[in-house]
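**Student:** Below: one structure in structure tokens.
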Amino acid sequence: MDVSEKWGTDIDTAVDLALADLKATRDEVEITVLEQPSRGFFGIGSKLALVRVERKKPEPAPKEKKIKTEACETENTRPAKKEKHHRREGGHQKKDTAERRDYKKSESVIIREDESFTPLEEHPALTFLKELTEQMNLDINVSAKTDGENIYIDMNGKDSGTVIGKRGQTLDAIQYLTSLVVNKDGDEYIRVVVDAENYRTKREKTLEKLAERLADKVVRTKRSVRLEPMNPYERKVIHATLQSNPRVTTRSEGQDPYRRVIIELK
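Read in our numbering, the sequence shown has 1152 at position 212, and its numbers run on one by one without any break.
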């Protein structure tokens, strides 16, 4: 493969994805920006960057004396490049192991409501979300419950689909901002989950079924499967679902927001 076109949240991310596809470095390719990125509001109206990366054509063979010189230079620099490569792989491996370990602590990766949760009438999270939805002109009702350590917020209404966004991206952005508001001045960290129309529970069940189906495919074909890029929450659902499977194992590769899970034989 000599040409790769990739999308990314910014130009550098798209270029890195294309370089990984070509297995090349920046000095070995020519880069053309096809579309500039732009930011929307909480993911609404945002636009990704699109780049075209093409491998440079080989130069005419140099004279024999020059070949020897270049060979020496390459030999001297190769160990440094190899060491850097190993460091990068090691970093990914540590991150991947931690990612799987975090979700071995519980059967579910989302907060489950039970009798320990009590309704919240007033709270900074409620104030923030009500103001946010009003500014966005959304018809949404917001309610919240807490068990002291976690806050579960439910957003329902005519515009729930807008709040959720594509594959929950807008919902994740709102949840992140709400968590910042809740934990801004607190001494102890409070975990915040923002849901809409029971989306997170439905999504979790969908991912669990997907993980089991793809695990069976890996066993049947004896070939690993690369899933589509997912956010940390969704990747951890896959890891948690297959962590006790005796036939397959999971790992993650790539950089967010294009980090993905690989399912492969043990």
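For every residue, glycine included, the Cβ atom is placed at its ideal position computed from N, Cα and C.
As the structure is a prediction and not an experimental result, all values here were calculated from the model.
I need the DSSP call for Arg1200, collapsed to helix, strand or coil.
**Tutor:** In this structure, Arg1200 counts as strand in the three-state DSSP scheme.
**Student:** Can you give me the C-alpha to C-alpha distance between Leu957 and Thr1058, rounded to a whole angstrom?
**Tutor:** About 46 Å.
**Student:** Does Glu1112 pass the burial test, meaning 16 or more other C-beta atoms within 10 Å, or should it be called exposed?
**Tutor:** One detail in the question is off: residue 1112 reads as Asp in this sequence, not Glu. It counts as buried.
**Student:** Taking its Cβ as the centre, do 16 or more other Cβ atoms sit within 10 Å of Thr1073, making it buried, or is it exposed?
**Tutor:** Looking at its Cβ environment, which holds 16 or more other Cβ atoms inside 10 Å, Thr1073 is buried.
**Student:** What separation, rounded to the nearest whole angstrom, lies between the Cα atoms of Val943 and Ala964?
**Tutor:** Going from the Cα of Val943 to the Cα of Ala964 covers about 11 Å.
**Student:** What number of angstroms, rounded off, separates the C-alpha of Ser1048 from the C-alpha of Gln1115?
**Tutor:** The pLDDT assigned to Ser1048 is 43, lower than 50, so where the model puts this residue is not dependable; a value taken from the coordinates is nonetheless given after this. Cα to Cα, the separation comes out at about 18 Å.
**Student:** Under 7 Å from any heavy atom of the ligand NAP, does the C-beta of Asp967 make it?
**Tutor:** For the structure depicted, the ligand NAP is absent and the ligand set is empty, with no information on it obtainable.
**Student:** Pairing CB atoms from the segment 1130–1145 with CB atoms from the segment 1155–1172, are three or more of them under 8 Å?
**Tutor:** Contact fails: fewer than three Cβ-Cβ distances are below 8 Å.
**Student:** Quick one: using the 10 Å Cβ neighbour count with 16 as the cut-off for buried, is Gly1088 buried or exposed?
**Tutor:** Classification for Gly1088: exposed.
**Student:** Using the beta-carbon count (16 or more within 10 Å), is Arg1140 buried or exposed?
**Tutor:** With 16 or more other Cβ atoms within 10 Å, it is buried.
**Student:** Would a C-beta distance cut-off of 8 Å place Arg1187 and Gly1194 closer than the cut-off?
**Tutor:** No, the Cβ-Cβ distance between Arg1187 and Gly1194 is not below 8 Å.
**Student:** Alpha carbons only, please: which of Leu1182, Arg966, Val991 is nearest the one belonging to Thr972?
**Tutor:** Nearest C-alpha to Thr972: Val991.
**Student:** Ignoring anything shorter than 3 residues, give me the beta strand (DSSP E) runs that lie fully in the segment 1094–1178, in order along the chain.
**Tutor:** The segment 1094–1178 contains these whole beta strand (DSSP E) runs: 1131–1136.
**Student:** What residue range is occupied by the uninterrupted beta strand (DSSP E) comprising Glu970?
**Tutor:** Its beta strand (DSSP E) spans residues 969–975.
**Student:** Measure from the alpha carbon of Leu988 to the alpha carbon of each residue in Gly948, Asn1185, Met1095, Lys1149, then state which is nearest.
**Tutor:** When only C-alpha atoms are compared, the closest one is Gly948.
**Student:** Rounded to whole angstroms, what is the Cα-Cα separation between Glu945 and Lys1176?
**Tutor:** Roughly 29 Å separates the two Cα atoms.
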